[in-house]
Amino acid sequence: MGLMLGEVVPSFIKLSNANPISIQMIMFGLFLVFLGVLFWVFGCIAARCHSLLYDRWFK
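Just so you know, the sequence shown maps onto residues 1 to 59 in the working numbering.
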């Protein structure tokens with residue numbers, strides 16, 4: 001998901017700078033924000049699970 005956001009967000013920013021903002025662009029921007037927050041939350045959960053498992057198994 002992070003690779004997808006890395007490809008889409010710069011293109012979206014270039015497109016939004018070149019054209020007037022419409023309701024579709026606002027909705028797509030909110031969708032990208034939602035995906036970014038979702039990616040961040042699951043990344044935090046994965047990092048916490050990794051640290052718990054590492055502490056339990058290797059220390």
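We put the beta carbon where it would ideally sit given N, CA and C, even for glycine.
- request: Give the straight-line distance between the Cα atoms of residue 25 and residue 42, rounded to the nearest whole angstrom.
  value: 26 Å
message: Quick check: the segment 42-54 against the segment 11-26, are at least 3 beta-carbon pairs closer than 8 Å?
response: no
DSSP three-state assignment for residue 17, whether helix, strand or coil: helix
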